[in-house]
Amino acid sequence: PCRYRLLAESINWDRVLIAYRDHTPLGYAAFKHHRRGPYSPGVRPFLREFGRLQGALRYLLFAITEGRERYYGFYLYGLHVIKHARHQGVASALLATTFDQARQAGYDRIELEVQVKNERAQRLYAHLGFTRVRTTAVNWLGRLLPFPAVINMRRSLTSRP
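For the sequence shown, my numbering assigns the number 1 to the initial residue and increments by one for each residue that follows.
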């Protein structure tokens, strides 16, 4: 898909953790801090993929969403575990390692956003010590996002749940 072509050349591997079992990837955690996340594409890949007008508009949307996250300090950008490896502690292990990365980078808290409809993820984050900070409507993005709001959650790294 175009997303892979667009972002594959600009992955910052020092912002991605991958969980393996017997050389098989089971999941990943991606994070952002010091204004640098797992992806850093410039405008050129967008122009190449979508053309001048569509590429510029899509890059602008990408830049807006990326810019919003810079206020969070250490930000969990994404967490995913393949279906057959769920409920086996993979997500918890990835998050524990992410917490260690944040501490080593000098942060005392970690933040994330989760789709309001993703109740399973909300339960996992709450179980691991995250608390809700606010809910932000994103319905202004119309048909681009299949969910009406995101929940910002935060976890202190100075105490363990």
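Beta carbons: idealized from backbone N, C-alpha and C, even for Gly. No experiment lies behind these values; they were computed from the predicted model shown.
- For the set 39, 77, 25 and 148, the Cα lying nearest the Cα of residue 83 is the one of 25.
- Residue 128 is not a Cβ neighbour of residue 76, given a cutoff of 7 angstroms.
- For residue 111, there is no enclosing alpha helix (DSSP H); the residue is part of the beta strand (DSSP E) that begins and ends at 109-115.
- Distance between residue 98 and residue 151, taken at the CA atoms: about 20 angstroms.
- Three or more Cβ pairs drawn from the region 3-16 and the region 25-45 lie within less than 8 angstroms of each other, which places the two stretches in contact.
- Beta-bridge analysis with DSSP links residue 132 to 153.
- Inclusion of residue 135 and residue 149 in the CB contact set at 7 angstroms is warranted, their separation being smaller than that value.
- Judged by beta-carbon spacing, residue 121 lies beyond the 7 angstroms limit of residue 110, meaning their Cβ atoms are not closer than that value.
- Rounded to the nearest whole angstrom, the C-alpha separation of residue 86 and residue 133 is 26 angstroms.
- In the three-state scheme derived from DSSP, where H, G and I count as helix and E and B as strand, residue 21 is classed as strand.
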